[in-house]
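Residue numbers (this note's numbering), protein chains in the order written: chain A, 53 to 199; chain B, 53 to 199.
Don't be surprised by glycine CBs; every beta carbon is placed ideally from N, CA and C.
Because the structure is a prediction, the values reported are computed rather than measured.
Number of protein chains: 2
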Amino acid sequence: MEEIDDDRLDLGDLSELLGFQLRLAQAAMHRDFVEAMGDLDFKQRPLATLMLIGSNPGVSQIALANTLGTDRATMMMMVDKLQDRGLLIRTRSTADRRRQALHLTPAGTKAIRDARRRIQTHEKKFIDLFTPAELKKLREFLQRISA
Amino acid sequence: MEEIDDDRLDLGDLSELLGFQLRLAQAAMHRDFVEAMGDLDFKQRPLATLMLIGSNPGVSQIALANTLGTDRATMMMMVDKLQDRGLLIRTRSTADRRRQALHLTPAGTKAIRDARRRIQTHEKKFIDLFTPAELKKLREFLQRISA
DNA sequence: TATTGTTATACTCTATAACTATA
DNA sequence: TATAGTTATAGAGTATAACAATA
């Protein structure tokens, strides 16, 4: 029986692409994020949505969609699910009655607090890979790519 | 009529999370990747699959799945589509007759060549944001996160 | 006329489970 | 027994189009 080593594929020029390296790093952090969340049923986007409502009380669905780079209908479903879980409430905006003003419920606030605790442990795992000076540089580099 | 500025949401603690910063950077490069590909119908994963076959002729589907962090069934469908487009061929491995040995067709080789040209322009856009020393550091930092 | 929310629908991606052939 | 491939199926996430209410 001939041995075939699956884990030693030659990545070729793929390994030198910045986009691919970035994707690998993001995948690694995402895997650990999922593991850190464990029983807490939160994916990155819905949690980010909830946190944005926390720091922007009364925010509209369209504003969330624009900030997170998705569309109205997609955000609609995400907000639906979070509402079904009792984590937020919709009220009509008084300033613009087309808009929903989103607010966290106490359960929503608690959910964020719980999630944040796990995220801190998760983040620390990666932050500890760098010196403070390196970390500052890394954040600045990533910001440069995003801008 | 009251003005509400959608693009000025307070990101709160979200903005300080390394995972979020990484995600934003990845999203930015992904958006530009899609734009760079244009009419060439290639998403990141299928193209990576094709490139891996290019640098590992005769590779099996399971090896590709493991390397790209997915499962057999998902890789199966991806390979199916690439085969339907005439970009690769399956032949049974002689060493282990359970395995498919995947090879690029001439069309597949050409497709990679075309895609690579576009990727170079796309990559340059981001690489040019950094000095050579910075870029070296960035790659090393990302590698540290992936490992 | 344009925008926000809403609904219905469809499409893609991915995963799960069960089967087959080979080892 | 375990592994590679295959198939069918289901679920999640996302996007498109159309409509109602409001601006």
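- Under the rule that a run must span 3 or more residues, the beta strand (DSSP E) segments found entirely inside the segment 110-152 of chain B read 140-144.
- Neighbourhood of residue 77/A in chain B, by CB distance below 7 Å: 74, 194, 197, 198, in chain order.
- With a contact defined as Cβ atoms closer than 8 Å, residue 103/A and residue 64/B qualify at about 6 Å.
- Proximity to residue 62/B across 120/A, 74/A, 141/A peaks at 120/A, based on C-alpha coordinates.
- Only 171, 174, 175, 178, 179, 181, 182, 186, 187, 189, 190, 191 from the segment 169-191 of chain B bring a Cβ to less than 9 Å from some Cβ of chain A.
- Annotated as proximal: residue 131/A and residue 113/A, with beta-carbon spacing under 8 Å.
- Within the same chain, 117 come within 7 Å of residue 123/B by CB-CB distance, once the 5 residues on both sides are set aside.
- By the Cβ neighbour-count rule, residue 150/A is exposed, with fewer than 16 other Cβ atoms within 10 Å of its own.
- Interface annotation, residue 90/B: not in contact with chain A, CB-CB separation never under 8 Å.
- Distances from the CA of residue 72/A to each of 185/B, 134/B, 183/B, 179/B were compared; the closest alpha carbon is that of 179/B.
- Per the DSSP secondary-structure output, residue 155/A pairs in a beta bridge with 141/A.
- Note on residue 92/B: under 16 other CB atoms within 10 angstroms of its CB, so exposed under the neighbour-count rule.
- Approximately 5 Å separates the beta-carbon atoms of residue 78/B and residue 74/A; this is inside 8 Å, confirming the contact.
- Against residue 85/B, the close residues of chain A are 71, in the order they occur along the chain (beta-carbon pairs closer than 7 Å).
- For a Cβ distance threshold of 9 Å, residue set 71, 72, 75 of chain A lies close to residue 96/B, ordered along the chain.
- In this chain, the alpha helix (DSSP H) harbouring residue 191/A covers 184-198.
- Interface annotation, residue 111/A: in contact with chain B, CB-CB separation under 8 Å.
- Pairing residue 144/B with residue 163/B, the inter-Cα distance amounts to about 24 Å.
- Here residue 74/B carries a helix assignment [DSSP, helix/strand/coil].
- Taking 8 Å as the Cβ-Cβ cut-off, the segment 114-139 of chain B approaches chain A at 114, 115, 116, 118, 119, 121, given in chain order.
- In the structure shown, residue 95/A adopts coil according to DSSP, grouped into three states.
- Contact note: residue 106/B reaches chain A through 64, using a C-beta cutoff of 7 Å and chain order.
- Contact with chain B is absent for residue 154/A, since none of that chain's Cβ atoms lies less than 8 Å from the residue's Cβ.
- Distance between residue 96/B and residue 133/B, taken at the CA atoms: about 14 Å.
- Contact of residue 80/B with chain A is assigned, a C-beta pair being separated by under 8 Å.
- For residue 61/A, the residues of chain B that pass the 7 Å Cβ criterion are 104, 108, 111, 115, 119, in the order they occur in the chain.
- For residue 100/B, the chain A residues whose Cβ falls inside 8 Å of its Cβ are 66, 72, in order along the chain.
- Under the criterion of beta carbons closer than 8 Å, residue 175/A and residue 70/B qualify as touching, at roughly 6 Å.
- Residue 166/A sits in a helix when the DSSP states are folded into three classes.
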